[in-house]
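Written below as structure tokens is the structure these notes are about.
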Amino acid sequence: MKIHDLDCPGFECVRHGTDEDTGLNAFIAIHDTTLGPALGGLRIWPYADEEAGLRDVLRLAEGMTYKSAIAKTGLGGGKAVIVGDPAKVRRPETLQAMGRLIDSLEGRYITAEDVNCRIEDLREVRKTTRFVTGLSREEGGSGNPGPFTAHGCYLGIKATLEHRLGDPSCKGRHIAVQGAGTVATYLIDALLEDGARVTACDIAEDRVERLRARHPQVTFVPPDAIYDVECDVFAPCALGAVINDDTLPRLRCAIVAGSANNQLATVAHGAMLREKGILYAPDYIINAGGIINVGCELLPGGYDEEAARRHIEEIPLALKSTFELAAEKGIPSAEAALEIARGILEAARATQR
Ligand code: NAD
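Using the numbering used here, the first residue of the sequence shown is number 64, and each one after it goes up by one.
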């Protein structure tokens, strides 16, 4: 395998690995390890070219630094991507080569699941490196992070309701959930249990049918109509960049709070939400349940579900501090979140000097 490090300002290490024998073409970006080893998932995506893969890994790795800083996981930020068609790349030999690339960083980067990388893929990666989290409970891992992400998201929605509408209860609140996937399903379970009225959508008909069978009381709308639903909370739980120039003018909610990563198309959209009087729960704070859970695998005594749950219960506090800073400074909540994350890193660097 050919391995070489790229010089990317602001990043501790960006490693590119290519392997002719197995077809591996991958990047690992370590953004910041001030707070601990960099943990972030492995994404497999058919990027248009290497440049696109590199841009994505840098953006995602930096995001992981801020997510972990605010969630106090004791981890740094990093991410890995394999550039290639998942149908071709998800082969044992390619994934084992990926494991060797991860292993070359000697634990400064620890991997986990991400888009197109499932537990069976991690099992292959694990054959050539021990720096893997997110395997099943039977294998000593923490298992599916979805229910933990959903739990943090539910608690975060309550904290956001309290700040914006003065009452954390979901009783009688109307919540529009975009997506009916893993996190959305567990989130909807909790919202209904707490008395919310839920409208949902998904582009995949089988997901809609599965959720309809589980909760007949949920109202479904076509995917594009979710932005027009008059509701208290719009909860994006599908894709990123859903708050953009086209959708923002259509929103008729008081709050945007959901699990999707990178919900804002640009930072300007955070300011535009604020101008519209919509309170935004920064995505990397409210969706940190998954990283908190997987991070608990690295605790000295090994994974402890109770410890993970207690830690996830701190997500509302992190949101509260963010909303308070945003109000005090008159800035969008997304900007306040970044300021808090950078402040945590600065303080840690100062004590290490
Ligand atoms: P998932 O793949 O199980 O669910 C996503 C769902 O969104 C799918 O059912 C898909 O059909 C649907 N979808 C895609 N485009 C859509 C559209 N335009 N309109 C409506 N539905 C659409 O994924 P998940 O694990 O539930 O994750 C959901 C989101 O939360 C993702 O953005 C993910 O990155 C983020 N997230 C997940 C976790 C986790 O623990 N799984 C942790 C942090 C963040």
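Beta carbons are placed, not taken as given, at the ideal position from N, Cα and C, and that holds for glycine.
Residues near residue i in its chain [Cβ-Cβ closer than 7 angstroms; skip 5 each side]
i      : result
Pro345 : Thr385, Ser396, Ala397, Ala400
Leu327 : Ile306, Gly333, Ala397
Arg313 : Tyr290, Asp291
Glu376 : Leu218
Leu254 : Tyr217, Cys233, Ile238, Val261
Assigned exposure category for residue i - 16 Cβ within 10 Å defines buried
i      : result
Leu342 : buried
Leu382 : buried
Arg78  : buried
Asp70  : exposed
Thr212 : buried
His67  : exposed
Asp84  : exposed
Glu338 : exposed
Glu484 : Absent from the structure is residue 484, since the part of the chain shown begins at 64 and ends at 416.
Pro72  : exposed
Thr196 : buried
Gly229 : exposed
Ser131 : buried
Asp82  : buried
Gly393 : exposed
Val330 : exposed
Thr248 : buried
Gly364 : exposed
Ala413 : exposed
Gly141 : buried
Ala259 : buried
Beta-carbon contacts of residue i that lie in its chain and below 6 angstroms, excluding the five residues immediately before and after
i      : result
Leu102 : Leu138, Ile173
Arg270 : Ala243
Val310 : Val is not the amino acid found at residue 310; the sequence shown has Thr there. Tyr290, listed in sequence order.
Asn179 : Ile107, Pro149
Gly86  : Thr157
Leu105 : Ala143, Thr174, Asp177, Cys180
Val292 : Ala239, Thr262
Glu4   : Not covered by the structure: residue 4. The range shown for the chain is 64 to 416.
Leu336 : Tyr343
Ile318 : Thr223, Arg227, Val296, Leu342
Gln159 : Glu187, Lys190, Thr191
Asp257 : Cys233
Ala389 : Ser396, Ala399
Leu408 : Thr97, Ala132
Asp184 : Arg153, Leu158
Closest Cα partner of residue i within the set the options
i      : options                        : result
Arg236 : Gln326, Arg227, Ala243, Asp367 : Arg227
Tyr110 : Asp84, Ala413, Gly126, Pro149  : Pro149
Ala263 : Asn207, Phe297, Thr81          : Phe297
Lys190 : Leu168, Thr157, His214, Pro208 : Thr157
Glu268 : Arg277, Pro285, Pro279         : Pro285
Val246 : Met335, Gly203, Asp265         : Asp265
Gly204 : Gly141, Ile91, Tyr366          : Tyr366
Leu209 : Asp252, Leu314, Ala317, Val120 : Leu is not the amino acid found at residue 209; the sequence shown has Gly there. When only C-alpha atoms are compared, the closest one is Asp252.
Glu201 : Glu225, Ala389, Ile182, Gly219 : Ile182
Thr223 : Thr329, Asp295, Ala89, Glu409  : Asp295
Phe74  : Ala320, Ala89, Leu117, Gly340  : Leu117
Gly340 : Ala160, Glu368, Arg315         : Arg315
Ala320 : Leu255, Asp308, Leu250         : Leu250
Val357 : Leu198, Asn325, Leu254         : Leu198
Asp119 : Glu402, Asn325, His374         : Asn325
Beta-carbon proximity list for residue i, same chain, < 8 angstroms, skipping 5 on both sides
i      : result
Ala370 : Cys359, Leu362
Ala323 : Gln241, Gly242, Pro299, Cys300, Ala301, Leu302, Gly303, Val305, Asp346, Asn350
Ser167 : Ile66, Arg78, Gly80
Ala288 : Cys264
Beta carbon of residue i nearer than 7 angstroms to that of residue j
i      : j      : result
Ala404 : Tyr129 : yes
Thr96  : Ala411 : no
Val188 : Gly206 : no
Gly126 : Gly215 : no
Glu176 : Val146 : no
His94  : Ala134 : no
Thr136 : Ile348 : no
Ile220 : Thr192 : no
Pro100 : Arg171 : yes
Ala92  : Leu121 : yes
Any non-hydrogen atom of ligand 2 closer than 6 angstroms to residue i Cβ
i      : result
Gly104 : Summarising the ligand content, the structure contains ligand 1 and does not contain ligand 2.
Measuring CB atoms only, is the region 372-380 touching the region 139-158, in the sense that at least three cross pairs come out at less than 8 angstroms?
no
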